[in-house]
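Okay, structure first, notes after.
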Amino acid sequence: MKLIGILICSLLSFQFTYAESGYQLWLRYHQIRNQKILIEYQHNIRLVYIESSSPTSAILKSEIVNGLKGLLNKKISITKNKVEADLLFNINTKTATNSEEGFDIHSIKNKDNKFKVYISAKKDIGLLYGGFHFLRILQNEQSIDTININSSPSLSIRILNHWDNLNRSIERGYAGISIFNWHTLPDYIDQRYIDYARANASIGINGTVLTNVNANATILTTSYLLKVKALADLFRPYGIKVYLTARFSAPIELDKLKTADPLNSEVQRWWKNKAKEIYELIPDFGGFLVKANSEGQPGPQNYGRSHSDGANMLADAVAPYHGIIIWRAFVYNNEIAEDRFKQAYNEFKPLDGNFKKNVLIQVKNGPIDFQPREPFHPLIGAMPKTPMMMEVQLTQEYLGQATHLVYEAPMFKEILQTDSYVKGTNSSIASIINGDLFEHQQMNGMSGVANIGNDINWCGHPFAQANWYAFGRLTWNTNLTSEEIATEWIKQTFGTQQESIKSIQKIMLGSYESMVEYMTPLGLHHIMGNGNHYGPLPWGNSFSRADWNPVYYHKADSLGIGFNRTSSGTNALSQYNKEVQIKWADSSTCDEKYLLFFHHVSWNHPMKSGRNLWNELCYTYNDGVERVKEMERLWISTKNNIDGDRYHQVEQLLKIQLKEAEWWRDACLLYFQTFSKQPFPKNFPLPPHDLNYYQSLQFPYAPGNAQ
Ligand code: GCW
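Residue numbering for the sequence shown follows my numbering, starting at 44 and increasing by one per position.
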């Protein structure tokens with residue numbers, strides 16, 4: 044009860060804590076600008092009825108009262124009388140939505156020309172989602188006289204992965220330190236925890252992995268589990284389950300067992316006891332996310348066992364409590380002389396059918412590692428007997444980090460819409476991960492590596508919030524378009540002034556392509572700085588591990604550039620279905636955005652534009668830069684409609700983005716020119732420095748490195 048009290052007080056204070064710092068995210072609830080619509084709303088919404096009296100409905104109540112108060116500039120009351128209410132939240136087990144989390148909203152006109160809005164759901168979490176959706180409709184100034192919505196989530200697991208360490212550093216974090224203050228938990232409840240839960244619930248995110256996949260066993264000790272419990276208790280009424288990362292060697296590290304072999308009975312008992320302890324504290328604990336035998340993490344292979352042996356041992360431990368294991372397929376080994384692209388597929392595909400029912404395999408969107416552009420991961424769809432989750436990265440490790448404005452929804456959509464042909468045509472990646480294609484799969488989902496830190500605006504760049512938002516909205520409804528999501532986010536975040544919406548839409552929708560062009564055009568990949576992954580380093584060749592070096596990936600030489608993954612090369616292409624192979628196998632017909640991902644082609648290779656490859660590379664890099672200049676111009680045009688603080692932040696960040704886009708273009712082209720031996724095209728902007736200069740740059744304190 045005390046906790047609920049804290050929750051409600053905190054909610055009430057949320058809205059007024061900060062001005063336009065960005066802290067309020069997309070939940071600003073400023074008064075509706077359009078007078079006609081405002082009057083329509085004011086006229087129709089006066090009394091709200093909310094069935095159910097759970098902690099979740101208490102949250103709904105304060106959200107609706109606060110939201111309407113801000114949007115309608117009018118005090119709205121809650122009534123216990125259904126008949127007099129005009130906005131009604133009803134629990135109805137027979138709603139049209141077939142999901143436990145879904146909701147219906149519809150409005151019905153009365154004789155007096157007023158209408159009532161009914162929001163119904165099977166459970167109170169559905170009502171909360173419906174409430175947030177209704178507020179979103181108002182924030183977007185849409186008419187409410189003819190609403191007729193049935194909404195249920197496309198994916199059942201919509202989860203953030205925090206790569207947050209217990210000392211509050213964040214691996215690949217660019218927005219401050221972790222919001223989870225393990226030192227002061229469980230006694231001190233930071234307002235941020237509540238605001239975080241609320242923001243996630245508003246976009247349908249229903250799970251969070253609190254700890255880094257490069258895991259620390261300490262999180263599994265009793266004193267830390269009590270801290271986790273405090274967060275789980277807070278998040279529960281928002282529909283958010285808590286998950287942890289499990290360090291495979293935890294039994295050895297915490298309790299001095301001699302082994303962590305998954306087939307050893309003492310080890311199995313250890314995990315069973317640990318699961319029991321966790322579930323006694325947190326009855327709805329989601330389960331474990333595991334990175335094993337990858338980049339130095341311990342795992343079952345240390346004992347000659349397979350990934351399925353390891354996953355199944357943990358799956359057995361959490362199964363009695365309906366917990367799940369999310370086992371990552373991000374594995375590659377430099378001791379295997381095999382294209383890194385191919386390793387996850389080679390290792391996991393043969394295990395299809397071996398995993399326990401409560402195991403999901405989590406696969407990154409592409410086969411390398413969250414690069415600016417990658418083709419879809421061939422493992423997605425290749426294990427029909429195993430539920431699969433797709434992992435995308437919201438924190439922009441390779442996408443300009445927190446200084447570049449890159450709206451990621453077009454990238455997510457590009458992957459989701461691609462046809463994998465695993466079951467003939469219409470086998471889009473979306474249909475695989477939402478369970479449509481392999482119908483027997485009950486569990487499905489998507490993970491987003493969080494871009495959240497304790498910066499006042501949560502994500503560093505004011506526009507990075509849009510990626511968190513887009514992830515939630517898309518996992519709820521994979522059919523939404525990038526444009527739809529951008530538009531609602533803009534209206535909710537910056538306001539509904541038509542002129543600025545158009546400009547900001549253009550900025551956002553072009554930003555992904557622009558970044559690909561000025562960093563890694565035409566299928567180039569993994570040519571960024573060592574370790575911190577900041578800036579260009581195509582000449583990088585200093586790691587003893589070949590597969591960490593940029594030169595391994597672009598393979599530029601006097602003949603040409605690109606990684607030959609066709610049958611005359613590593614034949615990674617063979618991991619895709621025939622139809623996909625056909626699309627990409629021939630360098631003269633391959634989609635040019637993947638050309639250098641799959642082909643090593645000559646510097647004079649003819650491109651669709653009529654230019655040779657070298658000139659095309661030059662022009663594409665430069666197009667990316669020009670598009671950033673256009674983004675700057677568009678941003679300037681919004682000046683009168685955007686609050687000063689955020690306007691100025693974005694203005695400065697775009698300057699950095701332009702400077703860095705030029706740096707990428709100049710450094711990469713000068714370096715590749717040492718192989719192509721061709722001049723820059725006529726009238727091309729010449730780099731202000733020579734290659735030595737770019738090669739001498741050092742950034743020892745660039746953020747985001749693992750600690
Ligand atoms: O993208 C790479 C990152 C690592 C990360 C790893 C992974 C958490 O550079 O920092 O480790 O991927 O996904 O496991």
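Even for Gly, the Cβ is constructed at its ideal location relative to N, Cα and C.
These figures come from a predicted structure and were not determined experimentally.
Those residues which DSSP pairs with residue i across a bridge
i      : result
Leu203 : Thr251 and Gly491
Lys159 : Ile151
Tyr286 : Val252 and Gly330
Met431 : Ile404
Asp462 : Ser471
Trp370 : Val333 and Ile404
Leu751 : For residue 751 there is no data in the structure shown, the boundaries of the chain being 44 and 750.
Ile213 : Asp207
Phe146 : Ser194
Val644 : Ile604
Pro579 : Met571
Ala164 : Ile134
Asn655 : Pro649
Beta-carbon proximity check, residue i vs residue j, cutoff 8 Å
i      : j      : result
Ile192 : Asp129 : no
Gly583 : Asn575 : no
Asn665 : His642 : no
Glu184 : Asp686 : no
Ile180 : Ala244 : no
Val644 : Gly605 : yes
Leu81  : Ile75  : yes
Glu622 : Tyr388 : no
Trp314 : Leu357 : yes
Tyr267 : Trp225 : yes
Tyr281 : Ile102 : yes
Ile204 : Val285 : It should be noted that the sequence gives Asn, not Ile, for residue 204. Not a contact, by the Cβ cut-off of 8 Å.
Leu297 : Ala260 : yes
Phe391 : Leu422 : yes
Tyr714 : Pro581 : yes
Collapsed DSSP secondary structure at residue i in the structure displayed
i      : result
Asp298 : helix
Asn376 : coil
Phe177 : helix
Pro649 : strand
Pro790 : Because residue 790 is not part of the residues shown, which for the chain are 44 to 750, the question remains open.
Leu638 : helix
Gly553 : helix
Leu131 : strand
Phe742 : coil
Arg349 : Contrary to the premise, residue 349 reads as Ser rather than Arg in this sequence. Correct three-state label for Ser349: coil.
Gly603 : strand
Tyr364 : helix
Thr536 : helix
Ala507 : helix
Gln618 : helix
Ile187 : coil
Gln436 : strand
Val126 : coil
Tyr737 : helix
Ala218 : coil
Ala139 : coil
Asn592 : coil
Pro731 : coil
6 Å Cβ shell around residue i - same chain, five flanking residues per side excluded
i      : result
Pro410 : Phe384 and His420
Lys125 : Tyr92
Lys518 : For the record, residue 518 in the displayed sequence is Thr; it is not Lys. So the qualifying residues of the chain are Leu198, Arg201 and Met489.
Ile325 : Lys272 and Ala275
Leu178 : Gly110
Pro746 : Tyr217
Ser22  : No statement about residue 22 is possible, as the shown extent of the chain runs from 44 to 750 and does not include it.
Gly603 : His643, Val644, Ser645 and Trp646
Own chain residues within Cβ distance below 8 Å of residue i, not counting five before or after
i      : result
Asp412 : Phe373, Tyr441 and His569
Asn477 : Ser197, Leu198, Asn487 and Thr521
Ile220 : Arg211, Ser212, Ile213, Gly496 and Asn497
Cβ shell of residue i (< 7 Å), same chain only, five flanking positions each side left out
i      : result
Met454 : Tyr555
Thr189 : Ser150
Lys549 : Leu677
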